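Just so it is clear: in the sequence shown, position 233 is 232 by numbering that gives the first Met the number 0, and no numbers are missing. Report on the structure given below.
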Amino acid sequence: MPGPTLPSVAQSVLSAFMPVRFAQECRRRYGSVFRLRVFPVGDVVCVADPVLIKEVLTSDPEVFRASDANNLMDFVVGRSSLLTMDGTEHTRHRQLLLPPFRGTSVSRYRHIVAEATAEHVRRWPVGRPLRLHPLLQDITLEVMMRAVFGITDAAKLAGLRTLVPRLLHLNPLLMLFPQLRKDFGKHSPWGRFVHVRSSIDRILFAEIARRRAEPALADRDDVLSLLLAAKYEDGAELTDQELRDQLITLLMVGHETSATAMAWVFERLARHPRVLERTVQEVEDSGTRYVDALIHETLRVRPVVMDVARVPSRAVRIGGATVPGGVMIALSLALMHTSTELYPDPASFDPERFVGSRQTSFAFLPFGGGTHRCLGAHFAMMEMREIISSVLRSRRLRPLRGPAEGVLARGPMLVPARGARVVLDQHVVN
Numbered sequence: 000m001p002g003p004t005l006p007s008v009a010q011s012v013l014s015a016f017m018p019v020r021f022a023q024e025c026r027r028r029y030g031s032v033f034r035l036r037v038f039p040v041g042d043v044v045c046v047a048d049p050v051l052i053k054e055v056l057t058s059d060p061e062v063f064r065a066s067d068a069n070n071l072m073d074f075v076v077g078r079s080s081l082l083t084m085d086g087t088e089h090t091r092h093r094q095l096l097l098p099p100f101r102g103t104s105v106s107r108y109r110h111i112v113a114e115a116t117a118e119h120v121r122r123w124p125v126g127r128p129l130r131l132h133p134l135l136q137d138i139t140l141e142v143m144m145r146a147v148f149g150i151t152d153a154a155k156l157a158g159l160r161t162l163v164p165r166l167l168h169l170n171p172l173l174m175l176f177p178q179l180r181k182d183f184g185k186h187s188p189w190g191r192f193v194h195v196r197s198s199i200d201r202i203l204f205a206e207i208a209r210r211r212a213e214p215a216l217a218d219r220d221d222v223l224s225l226l227l228a229a230k231y232e233d234g235a236e237l238t239d240q241e242l243r244d245q246l247i248t249l250l251m252v253g254h255e256t257s258a259t260a261m262a263w264v265f266e267r268l269a270r271h272p273r274v275l276e277r278t279v280q281e282v283e284d285s286g287t288r289y290v291d292a293l294i295h296e297t298l299r300v301r302p303v304v305m306d307v308a309r310v311p312s313r314a315v316r317i318g319g320a321t322v323p324g325g326v327m328i329a330l331s332l333a334l335m336h337t338s339t340e341l342y343p344d345p346a347s348f349d350p351e352r353f354v355g356s357r358q359t360s361f362a363f364l365p366f367g368g369g370t371h372r373c374l375g376a377h378f379a380m381m382e383m384r385e386i387i388s389s390v391l392r393s394r395r396l397r398p399l400r401g402p403a404e405g406v407l408a409r410g411p412m413l414v415p416a417r418g419a420r421v422v423l424d425q426h427v428v429n
């Protein structure tokens, strides 16, 4: 299989610091299926062809396993997480977890998003440069704690605000090298992580126990309470450990991804004044159609994750090449979303391409696809729509000149290299 001949360390550095440019150059040289050697994973087969991507995502999940690709995170999310399951076990858990996240259900959380956004935005500085990415992370974390965990106690909220970022921003070496997971005290990397994880677990398990004993549980609509009331087809309930693992999973994949996507939205708006003008006009008219198109176009040109991965349980054929069992297959959403075959002038930023149009199946996959498509996709769209609109109603985003922010790989995320630096002024309504 074709691919670069650079040493694996060099390929790893390029993948971390120039992820999109490096992948695009590989596609230009080697085609839509190529091999990388990434330290310490080894061989990775990258696939950019939408037909082949669809083939993998719709094939037997027991053959193309997502759990084997995600097992690097099991020490964070736990072994009962949807991320670490496949096949019938995954289907059983997903069906139980899905109802609170259906499109018709997520609207119940709009007021929580609106309140959290207003509380945070009023504290943002005006008239000077600021890094928007961490500020948006604060909002999405608040939303997750209130809407998903259902926690309103001030002391618990304060504790989680401190602990959760430390859990999610763990040293990536701990994920890549299990042999480093040794506790040499609270000042060692693994010791710090274990302390933070245990502190969060104490809060969550105490909240689960308190909630189980709550007489008015049926009157609550936060996700934790709904999951406590849910039952499998055989009448069984989620155990405390299963609840903990799913809550941490929702926090990990929901809080960071939405904040990063919105950081890119504002980074793009600041450099495209006509798009900004139209977006502000629609927000002032209480519309959502163009805002949704803006989010989709941003996710196309600035994907939050580079790819989704599968690991075949046996040798498989991909585009005429044989991939041995156990070799990671990276389905490159970033490359597919910039394909000239799917998108005219793919390098241009044009939300109009998503206004009133439905993309061909498996041509646009911002939330992944197949049986492991993001459970919270509808929630994420509602949340981003509400936060973006709320910010633009209360603040005026200054157009910026100069180059776009670079793309930096931070773990699995592709984040703005300078934190989405913008200038916001007070919005004055005439």
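Built from N, CA and C at the ideal position, the CB exists for glycine as well. No experiment lies behind these values; they were computed from the predicted model shown.
query	result
Residues near R417 in its chain [Cβ-Cβ closer than 6 Å; skip 5 each side]	E404
Per-residue DSSP class, three states only, for M305	coil
Close beta carbons around R160, own chain, < 7 Å, minus the five adjacent residues each side	L140
Cα-Cα separation between M72 and L156, rounded to whole angstroms	25 Å
Buried or exposed (CB count within 10 angstroms, at least 16 for buried), Q425	exposed
At least 3 beta-carbon pairs within less than 8 Å: the stretch 104-119 vs the stretch 241-259	no
Residues of its chain near Q136, where Cβ-Cβ distance is below 6 Å and the 5 sequence neighbours each way are ignored	A258
For C25, the first and last residue of its enclosing alpha helix (DSSP H)	18-29
Which of helix, strand or coil DSSP assigns to A362	coil
Cutoff 8 Å: L237 Cβ touching any chain C Cβ	The chain labelled as chain C is not found in the depicted structure, where only one protein chain is given.
Host alpha helix (DSSP H) of D42 (start-end)	Note, D42: premise wrong, no alpha helix (DSSP H); beta strand (DSSP E) at 41-46.
Buried or exposed by the 16-neighbour rule on C-beta atoms within 10 Å, applied to N69	buried
Best match in M0, A146, M383, R191 for proximity to G30 [C-alpha to C-alpha]	M0
Host beta strand (DSSP E) of F33 (start-end)	32-37
DSSP state of R395 mapped onto helix, strand, coil	strand
Of the listed residues G401, R395, L399, nearest to P510 (C-alpha basis)	This structure cannot speak to residue 510, because the chain is shown only from 0 to 429.
Under 8 Å between C-beta atoms of R384 and D284	no
Cβ pair T370, T103 closer than 8 Å	no
Contact belief for G86 with E54 at Cβ below 8 Å, rounded distance in angstroms	Rounded, the Cβ-Cβ distance is 18 Å, inconsistent with contact.
Integer-rounded CB distance, given that H271 should sit under 8 Å from F348	6 Å
Rounded Cβ spacing between L374 and L81 (contact assumed at less than 8 Å)	7 Å
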